[in-house]
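Going line by line, the protein sequences match chains G and D. Residue 93 in numbering that gives the first Met the number 0 sits at position 94 of the first sequence, with consecutive numbering throughout. Residue 142 in numbering that gives the first Met the number 0 sits at position 143 of the second sequence, with consecutive numbering throughout.
Protein chains: 2
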Amino acid sequence: MSANRPNEDGLIARFFAPLAGEGALGLKDDAACFAPRPGHDLVLTTDALVETVHFLPEDAPGSIARKALGVNVSDLAAKGADPAGFLLSLALPVTWTEEWLSAFAVGLGEAARDFGCPLLGGDTVKARGALTLSVTALGEVPAGRMVRRTNAQADDVICVTGSIGDGALGLKLRNAPKWADALSAEEKAHLADRYLHPQPRHRLARVLRKYAHAAMDVSDGLAGDLAKMMRVSGVSAIVEADRVPLSPAVTKAVAVEPGLYDLAVTGGDDYEILCTVPEKDLDSFLKEADSVGVVVSVIGRVVQGHESPVFRMRNSERRYDAGAFSHF
Amino acid sequence: MSANRPNEDGLIARFFAPLAGEGALGLKDDAACFAPRPGHDLVLTTDALVETVHFLPEDAPGSIARKALGVNVSDLAAKGADPAGFLLSLALPVTWTEEWLSAFAVGLGEAARDFGCPLLGGDTVKARGALTLSVTALGEVPAGRMVRRTNAQADDVICVTGSIGDGALGLKLRNAPKWADALSAEEKAHLADRYLHPQPRHRLARVLRKYAHAAMDVSDGLAGDLAKMMRVSGVSAIVEADRVPLSPAVTKAVAVEPGLYDLAVTGGDDYEILCTVPEKDLDSFLKEADSVGVVVSVIGRVVQGHESPVFRMRNSERRYDAGAFSHF
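Structure representation (C-alpha cells):
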C-alpha cells in the first residue's frame, strides 16, 4: 500500500464509520450486535457483485455501491422483509484510490439512507483481480411471515412490479446498437439508469407479506425466474406476453427490433418483484401497492402442471426453457 | 461454463443443500429465515478471504473452506457468542472443477458440524481473478452480553488462549527457511496445520461473557491486536514477553533464530482469543476455561496510559508500534 493511503483501520474510520448504524458500535468492534424487534424473524440474504460480471469498470463508484446494496434490499423486499441493516465485504484491487473509495462511500451512505438499511459491519481486503463486493443484508418480518418462493398455488394471479427489460437493454445500449437510434436521449438515459441503479421495491414488503402466496425478485430474467418459482412450487404458469410491463423506451426498441422482446423477458438486472396473489385478494393487493407508490401489473396465472411457463403471444406461444440469464 | 458442469442452481442443490441448516429452507428460497432465541442478541461478523492473501493456491479445498468459516467463528467466540449459522459468498475462478468444489463442500460441511454453525444461505458468482470467499457468521448472546473490544480496564489481567505464532511460522515454513531444519517432522506438521486450520475457541464463548471485560480474536498478530484493543479502550498494557504462550515448535524455532519471537507476536493467523479479566475473577475464569478444554495463559496487565503496549523482555523492553500484520 502506498504511504499516502490509509491502512484498514484508517479507511474504516474515515470512509465507513460515518455510515454506521446503531448496532455497528461505531465499527470499533470486531462484530455488530443486533436484536430484531420482539416477535420478528430475521430474513438474511447475500449477493456478491464482481466487476465486468455485475457492473462495469467505468461505472461510477457511487453507482456500484448503490447497486450492491440495492440488489440485496430487493431480495429482502421480495420476502416481505423490511430492511434492517447490512454488512459489506469489499475486496479492493491494488489500483484503488482515495478518490474512488470516497465516492463509493458517499454513494453507499445515500443508498443506505434511501433504503432505510444502515451499515452494521464489514471487512476490507486486497483483491487478486477485479473489484469484488459481497453484501449480506438483514431484514425483519413478523414471526413466520416471510414470503416464500415455494408457495405459488394454482389459480393464483401472477403480478410483477415496475417494468421489465430496462436493465438488460440498458446494458446492451453500451455497445451502441442500431435500435438505439430510434430512442430519444431521455429514453436512452432511462435504460442506462435502470441498469446502473436498481430500484428495490422495499415499500412493497408489508403489502406482499399481507397478500402474496409466493414472491421473488427478478434478477436473472422474468422468464427464468418465473420458471424457477413455478418449479419449486410444483406448478406451472401462463403469461399473457403483451401484459408484461415494458417502459416506453423498451416498447420503442421492441417495435424497431422485435427480437428484443425475448431479451427483455430473459435478460437480467430488473430487480423487480414477481409474486403470486390469490384472486380474491387481487383488488386489495393492487390498491395497497398503489398506496405505497409501487406500480404492479397482472401478467398471468398459475396453473397445474410441471412444464415451464408458457408466454402467450398474439398468434403463437413460447417457452423460454433455457432462457434464464445467469450471473454465474 | 463448460457443458459438463452444473449451473448455479444445480451446484447449490448438489454441493450446498446437504449442508443447509433449518433456517436455510433447503436453499430453495432467495433468503434465509432466522429467529434468535428469545432474550438473545445476534452478533454478526463478516470476513473475506482471498487466494494468495489469506490462503495459498495449493491449499486443499477443504482446508480453505474450514479456514473461511473458522476465522468467522473465531470472531464470534471472542464476542462471547455461540455460533448460530453462516452465509457464504463464493466467487469462483473460471478454472473451477467439480472435484475442487466437491472437496470444498465436504470440508465446509465438516467444519460447520465441528463448530455447530450451519449453512443458512449464500451466493455463487464468477470471479474475475483469484478465488474470493466471504463468510458472514451469526452468533447468539444473552441480550446485552456481547463482549466488547472497547471495555478493557486498568488493572485487568490480560489473557490469551492456546499458543501464539504458530500460524505465522507455519506460513514461513513453506519457503523452507534454515530454522526449519532444527524442527522435527511433527513440529513442522504442527505449524503447517495451524496456518491451514484455525481452531476457533467457540467453547470459551460462555466463559468469556461471564468474566471478560474485553475480548477480540488475534488475527493480525498479538502485538498489533493488543495495541488496538488498548487504544479503543483508552488504556495501555504491560506484557511479560516470556509469558506469551509458544508451542514447542515455535519455542525451538526462536531458540535457533531469536528474531522469530518478533514474527511470532506480530505475525497473523493465530485465531486465538485475547481478553482482559478483572483480577478478582481470574481464578474462576481460568478454572472454567479449563473445564471447557481451552488452555489460557496470563500474559500481562492493563495499565493507565495511551502509549502502545510494552513487551518486557529479560533485559529490555519493546513496543511493536508498527508491528501489526495486516491482511489488507
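No residue lacks a Cβ here, since even glycine has one placed at the ideal position from N, Cα and C. None of these values were measured; they are calculated from a predicted model.
Q) For G/M142, which of G/V105, G/V297, G/K177, G/K209 has the nearest alpha-carbon? A) Going by the sequence as given, residue 142 of chain G is Ala instead of Met. In this structure, G/K209 is the residue among G/V105, G/V297, G/K177, G/K209 with its C-alpha nearest to the C-alpha of G/A142.
Q: Compute the beta-carbon to beta-carbon distance between D/D28 and G/T149, rounded to the nearest angstrom, for a pair I have assumed lies under 8 Å.
A: 7 Å
Q. Listed in chain order, which residues of the stretch 220-234 of chain D have Cβ atoms closer than 9 Å to some Cβ of chain G?
A. K227, V231
Q: Could you please give me the residues that DSSP links to D/I157 through a beta bridge?
A: D/T275, D/G299
Q. Using a beta-carbon distance below 9 Å, is G/G128 in contact with chain D?
A. yes
Q.
Quick check on DSSP: helix, strand or coil for G/S246?
A. coil
Q | For G/T94 and G/P277, the rounded distance between their alpha carbons | A | A direct Cα-Cα distance of roughly 52 Å separates G/P277 from G/T94.
Q) Quick one: does G/R205 have its CB under 9 Å from some CB of chain D? A) no
Q. CA-CA distance, D/S290 and D/L281?
A. Cα to Cα, D/S290 sits roughly 14 Å from D/L281.
**Q.** Against chain D: residues of the stretch 29-62 of chain G by CB proximity under 9 Å
**A.** Per Cβ criterion, the list reads D29, A30, A31, C32, F33, A34, P35, P37, H39, D40, L41, V42, L43, T44, T45, D46, A47, L48, V49, E50, T51, V52, H53.
Q: Report buried or exposed for D/K177, applying the criterion of at least 16 other Cβ atoms within 10 angstroms of its Cβ.
A: exposed
Q.
Under DSSP, the beta strand (DSSP E) around D/F54 begins and ends at which residues?
A. Run containing D/F54: none; DSSP gives neither H nor E here.
Q: Measure the alpha-carbon distance for D/E264 versus D/E186 and round it to whole angstroms.
A: First, the residue type needs correcting, since residue 264 of chain D is Val and not Glu in the sequence shown. Approximately 19 Å, taken between the alpha carbons.
Q: List the residues that DSSP assigns as beta-bridge partners of G/H39.
A: G/P141
Q) Three or more beta-carbon pairs under 8 Å between the stretch 95-104 of chain D and the stretch 76-94 of chain G, yes or no? A) no
Q: Mind listing the chain D neighbours of G/G108? Cutoff is C-beta to C-beta under 9 Å, in chain order.
A: Near G/G108 there are no residues of chain D at all, since even the closest Cβ is about 18 Å away, more than 9 Å.
Q.
Considering only DSSP beta bridges, list what G/S235 is partnered with.
A. G/V302
Q. The stretch 99-124 of chain D: which residues have C-beta closer than 7 Å to a C-beta of chain G, in chain order?
A. L119, G120, G121, D122, T123, V124
Q. Can you name, in chain order, every residue of its own chain whose Cβ lies under 7 Å from the Cβ of G/V105, other than the five neighbours on each side?
A. When the five nearest sequence neighbours on each side are left out, the beta carbons in the same chain lying within less than 7 Å of the beta carbon of G/V105 are those of G61, in order along the chain.
Q: Anything in chain G within Cβ reach of D/D216, meaning under 7 Å, just list it in chain order.
A: Within chain G, the C-beta atoms nearer than 7 Å to that of D/D216 come from D29, in chain order.
Q) Quick one: what does DSSP say G/A126 is sitting in, helix, strand or coil? A) coil
Q: Would you mind telling me which residues of chain D sit closer than 8 Å to G/D320, beta carbon to beta carbon, in chain order?
A: Neighbours of G/D320 on chain D: none; closest Cβ ~13 Å, over 8 Å.
Q) By DSSP, does G/P117 sit in helix, in strand, or in coil? A) coil
Q: Have a look at G/S88, G/V156, G/Y260, G/A167 and flag the residue whose alpha-carbon is nearest the alpha-carbon of D/R136.
A: Reading the sequence as shown, one finds Ala at residue 136 of chain D and not Arg. Residue G/S88 is the option with its Cα nearest to D/A136.
(Q) Using only the alpha-carbon positions, how far apart do D/T51 and G/L262 sit? (A) 39 Å
Q.
Using 9 Å as the threshold, is the C-beta distance between D/A288 and D/L203 below it?
A. yes
Q) Are the stretch 111-130 of chain G and the stretch 149-169 of chain G touching, with three or more C-beta to C-beta distances below 8 Å? A) no
**Q.** DSSP beta-bridge partners of D/D81
**A.** D/E139
Q) Is the beta carbon of D/V49 sitting closer than 9 Å to the one on G/A47? A) no
Q) Does the beta-carbon distance from G/A151 to G/A213 come in below 9 Å? A) Going by beta carbons, G/A151 and G/A213 fall inside the 9 Å limit.
**Q.** Unbroken beta strand (DSSP E) run spanning G/V217, endpoints
**A.** 213-217
Q. So, are the CB atoms of D/A236 and D/Y260 less than 9 Å apart?
A. no
Q: Would you verify that the beta carbon of G/T131 is, or is not, closer than 9 Å to some beta carbon of chain D?
A: Chain D contact via Cβ: present.
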